[in-house]
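Chemist: Using the working numbering, the first residue of the sequence shown is number 5, and each one after it goes up by one.
Glycine included, every Cβ here is placed at the ideal spot set by N, Cα and C.
Take a look at this one; I'll ask things after.
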Amino acid sequence: LPQITAINSKIESLENSYKFQKALAKPQISVGFITTEQATGKYSAGLILTFSIPVFYKNLGEIVNIQNQKASFEKLHNYQLENIKQTTAAIKESYNILKSQLEEIDNKVLPDMKAQLNLAEKSYKLRELTLFEYLTIKSQYYELLRYRADLLMQIHKLYGEYVAIVGE
Numbered sequence: 005l006p007q008i009t010a011i012n013s014k015i016e017s018l019e020n021s022y023k024f025q026k027a028l029a030k031p032q033i034s035v036g037f038i039t040t041e042q043a044t045g046k047y048s049a050g051l052i053l054t055f056s057i058p059v060f061y062k063n064l065g066e067i068v069n070i071q072n073q074k075a076s077f078e079k080l081h082n083y084q085l086e087n088i089k090q091t092t093a094a095i096k097e098s099y100n101i102l103k104s105q106l107e108e109i110d111n112k113v114l115p116d117m118k119a120q121l122n123l124a125e126k127s128y129k130l131r132e133l134t135l136f137e138y139l140t141i142k143s144q145y146y147e148l149l150r151y152r153a154d155l156l157m158q159i160h161k162l163y164g165e166y167v168a169i170v171g172e
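Next up, the structure:
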């Protein structure tokens, strides 16, 4: 997932920055060699060794800031994962409900409605039904087909949302 990958790369970057700042926080040691000519004409040479004694950690502010940012991004990472899990679970549940409704319409309701429409058409031709009754049954049939098309559209939208989130 792109947002999770971005957060992971930011966490990795902060870990590297933390290691770098910790390395800079250590005391710096330097070694030197010095030669001087004295007023008497003699030369003298010396070896110099310097190092800092840390009273306070160097770069402590940056280190604490990086640790806080890393903790924040880890919480964001966990939140994003949980949010994605909940969203995909809700989408799957809605998808299954809509799919079962569609199967019920296709297997039970639609064949019964077709049979009723055919019977109403035959009855109308035999003048046993009025035009109003026939048109009512026909409009119910078309309303059922419209409802079925709406279910298919909702299933398609849910699948699109799932693909947008998961990427499969």
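Can you look up Ile33 in the DSSP assignment and give me helix, strand or coil?
Modeler: strand
Chemist: Using DSSP with H/G/I as helix, E/B as strand and the rest coil, what is Gly50?
Modeler: strand
Chemist: Classify Thr40 as helix, strand or coil using the three-state DSSP reduction.
Modeler: Under the three-state reduction of DSSP output, Thr40 falls in the strand class.
Chemist: I'd like to know whether the C-beta atoms of Ser21 and Ile70 end up nearer to each other than 9 Å.
Modeler: yes
Chemist: Would you mind working out which of Gln7, Leu149, Gly36, Phe77 sits nearest Ser17, comparing C-alpha positions?
Modeler: Phe77
Chemist: Could you please give me the residues that DSSP links to Phe55 through a beta bridge?
Modeler: The secondary-structure analysis by DSSP pairs Phe55 across a beta bridge with Ile33.
Chemist: In whole angstroms, what is the alpha-carbon distance linking Glu97 and Ile159?
Modeler: Rounded to the nearest whole angstrom, the C-alpha separation of Glu97 and Ile159 is 11 Å.
Chemist: So, helix, strand or coil for Thr92, using DSSP?
Modeler: helix
Chemist: Could you check where the alpha helix (DSSP H) with Thr140 kicks off and where it finishes?
Modeler: 135-170 is the extent of the alpha helix (DSSP H) around Thr140.
Chemist: Measure the Cβ-Cβ separation of Leu5 and Ile57 and say whether it is below 9 Å.
Modeler: no
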